[in-house]
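Numbering (full-length UniProt numbering), first residue to last: 1 to 310.
Every residue gets a Cβ at the ideal spot worked out from N, C-alpha and C, and that includes glycine.
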Amino acid sequence: MRATTACSLTTSCATARSSPCRAASPSLRRPPAQPRLAPSVRLPRSTSRRWPRTPSTARPPTPARPQPAAASSGVEPVRHQVKRGETAYTIARLYDVTPRALAEWNGLGQDFSLREGQYLLIPVVQREEASTAQDDTPAPGSGSPTPQPPSSSAPLPEDEPSAASSAAAEAEAESEPVADIGQSQPAAPAPAASNAAMAMPVSGAIIREYSKGRNDGIDISADAGTPVKAAASGTVAAITKNTENVQILVIRHPDEVLSVYTHVDQLKVSKGDAVSRGQTIGAVRAGDPAFLHFEVRKGFESVDPLGYLQ
């Protein structure tokens with residue numbers, strides 16, 4: 001029995017080795033295959049990573065255009081058309097400006113020559129700015145500006161010479177000897193030619209003295225028809241008339257000095273003529289009273305003629 005069983009087992013084993021089942025069932029000798037997992041996906045550590053931004057297509061705000069500054073409120077100069085008989089001196093007096101400013105604004109020459117119909121720009125008077133500055137001055141106690149002289153803001157009224165001043169002038173004229181030229185009134189002393197730069201154009205009393213801004217020369221009393229003489233040697237620079245048809249004669253001297261003769265008549269010279277000191281250039285014009293207006297100018301500025309006559 002045992003032999004039979006052992007033999008049977010041996011035969012079973014041998015049969016099993018050669019059996020096709022073994023080849024057909026590999027699972028009998030291999031471990032079962034592990035299931036494959038899907039590959040893991042790595043996620044970013046943080047979702048707050050800054051990604052490049054797409055450039056904005058929005059237009060930048062347009063800057064506001066600067067507003068034009070307000071136009072200055074300065075005073076516009078007046079235009080004046082020259083009429084027949086007008087001169088730079090008469091126009092300057094009409095608008096209360098200096099002949100120098102009028103000439104500089106309009107490019108006039110040293111002889112102040114004008115032509116009829118010419119347009120001139122009248123300089124803006126600075127006293128308007130001064131009056132505006134005075135309006136803006138602080139209250140008293142907070143620093144008061146230095147007051148300006150009255151002549152800088154408004155011309156003073158022209159006062160007629162008083163009887164006392166006329167009498168003093170006549171008394172001074174009588175106190176010194178003068179040549180008798182047939183005048184019915186006291187004559188002013190004639191300065192010595194060797195000392196004075198100029199000679200008196202006529203002999204007579206000074207009835208109106210020089211006052212800058214009010215009277216740019218002196219008025220010398222003389223009878224109508226009295227010869228008017230050149231105060232110094234020079235050249236006739238201009239002959240013209242003012243708005244009242246009164247003759248004006250200008251003589252140019254060395255060192256930019258000009259002598260001006262107004263209220264003259266019966267002229268003996270022409271523009272461009274050379275004249276000598278003491279030469280007769282005309283006669284005193286008739287008037288009530290009759291007188292000669294005489295000015296001396298250094299460049300464009302008037303000066304006191306007595307500084308040249310004494």
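Query: Pairwise C-alpha distance: Arg93 and Phe291; Result: 19 Å
Query: Residue burial classification, Tyr210 (beta-carbon count within 10 angstroms, cutoff 16); Result: buried
Query: Environment of residue 312 [buried if 16+ CB atoms lie within 10 Å]; Result: Outside the shown range of the chain, which is 1 to 310, sits residue 312, and nothing can be said about it.
Query: Cα-Cα separation between Ile206 and Val78, rounded to whole angstroms; Result: 36 Å
Query: Contact belief for Ile218 with Pro305 at Cβ below 8 Å, rounded distance in angstroms; Result: 5 Å
Query: Val202 versus Gly282 - alpha carbon distance; Result: 11 Å
Query: Reduced DSSP category for Ala222 - H, G, I as helix; E, B as strand; rest coil; Result: coil
Query: Cα-Cα separation, Ala133 to Val97; Result: Because Ala133 carries a pLDDT of 48, less than 50, the predicted location of this residue cannot be relied on, and the following value inherits that uncertainty. So the two alpha carbons sit approximately 20 Å from each other.
Query: Residue environment, Ser302, which counts as buried when at least 16 other CB atoms sit within 10 Å; Result: buried
Query: Simplified DSSP assignment, three categories, for Val227; Result: This sequence places Pro at residue 227; Val is not what is there. Pro227 falls in the strand class under three-state DSSP.
Query: Alpha-carbon to alpha-carbon, Gln110 and Ala237; Result: 9 Å
Query: Cβ distance (whole Å) where Arg297 is taken to contact Val264 below 8 Å; Result: Rounded, the Cβ-Cβ distance is 17 Å, inconsistent with contact.
Query: Segments assigned beta strand (DSSP E), at least 3 residues, entirely inside the region 261-303; Result: 280-284, 291-298 and 301-303
Query: Helix, strand or coil at Leu114 [DSSP, three-state]; Result: coil
Query: Residues bridged to Gln81 [DSSP beta-bridge criterion]; Result: Tyr119
Query: With 16 other Cβ atoms within 10 Å as the buried cut-off, status of Ser276; Result: exposed
Query: Ala254, buried or exposed, once every other Cβ within 10 Å from all chains shown has been counted against 16; Result: Per the sequence shown, the amino acid found at residue 254 is Pro instead of Ala. Pro254 comes out exposed.
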